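Visitor: Numbering (the UniProt record's numbering), first residue to last: 1 to 308. Even glycine gets a Cβ: it sits at the ideal position worked out from N, Cα and C. Source: prediction; values computed, not measured. Following this message is one structure expressed as structure tokens.
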């Protein structure tokens with residue numbers, strides 16, 4: 001059985017990859033940031049030597065887009081330096097690398113969906129560090145698959161969907177940006193994609209290079225939030241208003257691309273995987289989170305109380 005080594009196992013994508021690998025009976029060894037500093041050359045080499053993987057997935061990243069503007073050294077260390085280091089060590093051991101990148105390498109001025117050949121022009125420091133990480137991977141190892149994705153959400157970690165669920169439970173009005181577009185991507189679909197790429201790489205059947213993989217369909221942050229609130233209403237009975245606002249009305253430290261839509265056709269043709277429609281995945285994730293929360297609450301209320 002082919003063995004896969006996963007960096008970033010504790011993140012929202014890493015946890016989904018770990019769960020999916022267990023379901024599929026895939027031999028996967030996952031390491032989180034508590035077990036491995038991916039910017040430490042000795043630690044990375046030791047991890048590869050110990051596991052001897054047939055492929056390595058790097059799902060570790062600094063993803064705090066706004067904080068990157070004030071923590072540039074940390075963002076650069078994780079997003080730019082570490083991927084090059086990992087790729088160099090992978091090349092030394094002849095280990096194929098699947099590296100996860102982002103839509104934020106683009107400036108968002110294109111009218112339609114971005115394809116892999118479009119020129120990059122990141123707007124903020126986060127995007128610049130991710131672009132630098134891509135370049136470092138390409139320079140260090142020919143045997144790589146870079147997977148750019150966008151607007152990632154799921155049942156684990158912190159993400160837009162979970163933030164909207166929290167706000168919808170507490171507020172009667174949610175104001176959400178309507179003039180930025182992208183493709184919401186469920187971690188379940190992204191996990192399927194990176195595992196497929198890693199398996200192809202491990203079999204020696206991968207086509208090396210850069211690919212886009214995102215949820216099927218595009219929407220605005222406002223449309224995304226509206227779908228989340230609608231899916232939650234069946235569980236909570238709450239239907240707060242979701243009001244559209246412009247980017248100018250919601251300034252942030254980091255500038256975001258107006259258009260983050262990614263075309264995933266090349267990935268589908270190459271690896272045979274396409275994400276489900278984003279609306280379907282949103283409903284599934286909301287159901288998983290809220291049904292689980294309601295079940296836990298019911299068990300708590302039914303638990304016997306002991307007299308002190």
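#1: Count the other C-beta atoms from every protein chain shown that fall within 10 angstroms of the C-beta of residue 16, then say buried if there are 16 or more, exposed otherwise.
#2: Residue 134: buried (16+ other C-beta within 10 angstroms of its C-beta) or exposed?
#3: Check whether the Cβ atoms of residue 154 and residue 128 lie closer than 9 Å to each other.
#4: Rounding to the nearest angstrom, what Cα-Cα distance links residue 124 and residue 273 in this structure?
#5: Could you give the distance in angstroms between the alpha-carbon of residue 114 and the alpha-carbon of residue 151?
#6: Which parts of the region 167 to 217 are runs of the beta strand (DSSP E), unbroken and 3 residues or longer, counting only runs that do not cross its ends?
#7: My output table needs one value for residue 121: the three-state DSSP class, helix, strand or coil.
#8: Since I believe residue 47 is in contact with residue 31 (beta carbons under 8 Å), could you give me their beta-carbon distance rounded to a whole number of angstroms?
#9: Am I right that residue 165 and residue 212 are in contact with their C-beta atoms under 8 Å? What's the rounded C-beta distance?
#10: If residue 178 sits next to residue 245, beta carbons under 8 Å apart, how far is it from one beta carbon to the other, in whole angstroms?
#11: Within 8 Å, do at least three Cβ pairs link the region 191 to 209 to the region 227 to 245?
#12: Which value, in whole angstroms, describes the spacing of the CA atoms of residue 167 and residue 160?
#13: Could you pull the DSSP bridge partners for residue 144 from this structure?
#14: Going by DSSP in three states, residue 152 sits in which element: helix, strand or coil?
#15: Excluding five sequence neighbours on each side, which residues of the same chain lie with their C-beta closer than 6 Å to the C-beta of residue 77?
#16: Here's the rule I'm using: 16 or more other beta-carbon atoms within 10 Å means buried, otherwise exposed. How should residue 101 be labelled?
#17: Could you check the C-alpha separation between residue 227 and residue 118 for me, to the nearest Å?
#18: Can you tell me where the alpha helix (DSSP H) with residue 27 in it begins and where it stops?
#19: Distance, Cα to Cα, residue 21 vs residue 249?
#20: Do residue 216 and residue 264 count as a contact pair if the criterion is CB distance below 9 Å?
#21: Would you tell me roughly how many angstroms separate the C-alpha atoms of residue 351 and residue 268, rounded to the nearest one?
#22: Pick out the complete beta strand (DSSP E) segments inside the region 209 to 276, 3 residues or longer, and give them in chain order.
#23: On the criterion of 16 or more Cβ atoms from any shown chain inside 10 Å, does residue 103 qualify as buried, or is it exposed?
#24: So what does DSSP say about residue 81, is it helix, strand or coil?
#25: So, with DSSP's three-state summary, where would you put residue 3?
#26: Which of the three DSSP states, helix, strand or coil, is assigned to residue 161?
Guide: According to the data block:
#1: buried
#2: buried
#3: no
#4: 30 Å
#5: 14 Å
#6: 173 to 177, 209 to 212
#7: coil
#8: 6 Å
#9: Not a contact, Cβ separation roughly 27 Å.
#10: 7 Å
#11: no
#12: 10 Å
#13: 97
#14: strand
#15: 39
#16: buried
#17: 30 Å
#18: No alpha helix (DSSP H) holds residue 27; the beta strand (DSSP E) holding it covers 27 to 31.
#19: 42 Å
#20: yes
#21: The requested residue 351 is not part of the displayed model; the chain covers only 1 to 308.
#22: 209 to 212, 241 to 245
#23: buried
#24: helix
#25: strand
#26: helix
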